[in-house]
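Single-structure report; data block below.
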Amino acid sequence: MKTAATSRTQAIEAAVASLDSAFFKALCEPSRIAVLKRVMLLGRADVSEISAGLPQERSVVSRHLQILLEADIVRAAKSGRQVFYEVNGSAIITRLESILDHIKKIAPHCCPS
1 MKTAATSRTQ AIEAAVASLD SAFFKALCEP SRIAVLKRVM LLGRADVSEI SAGLPQERSV
61 VSRHLQILLE ADIVRAAKSG RQVFYEVNGS AIITRLESIL DHIKKIAPHC CPS
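What follows is the structure, given as structure tokens:
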């Protein structure tokens, strides 16, 4: 039989696990947010197009795109020698909905209003 404390602990552990550090690490750097905004504005674009509107060197933009890709915030598709990036909207929505669901479950236990 589950006790209230066990249920609470399991809910909190699930919420903590949903806070994927790669996802938040990717979003905590202002320069990376600028890269993400540029990808959002352009839609599907290669690193040359993305970096054209940013103050960083192309190699720096490429590193930021790699981190966003590893965090599943953008996706990449290779076409010949070019790699095109676009926002991975469905993955972002799924991740944020999961976090929100976990927070809703633990809110009554850890942060009553």
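Count the sequence shown with UniProt numbering and you get residues 1 to 113, in order.
C-beta atoms are modelled at their ideal positions from N, C-alpha and C, and glycine is treated no differently.
- With contacts defined as CB atoms closer than 7 Å, H102 and A15 qualify as a contacting pair.
- In the three-state DSSP reduction, R81 falls in the coil class, being neither helix nor strand.
- Linking R38 to I50 through their CA atoms gives a straight-line distance of about 6 Å.
- Taking the Cα positions, E29 is about 29 Å away from A11.
- Excluding sequence positions up to five before and after H64, its CB lies within less than 7 Å of the CB of S31, R32, V35, all in the same chain and listed in chain order.
- In terms of Cβ geometry, I73 and A26 form a close pair [threshold 7 Å].
- CA-CA distance, L54 to E97, rounds to 31 Å.
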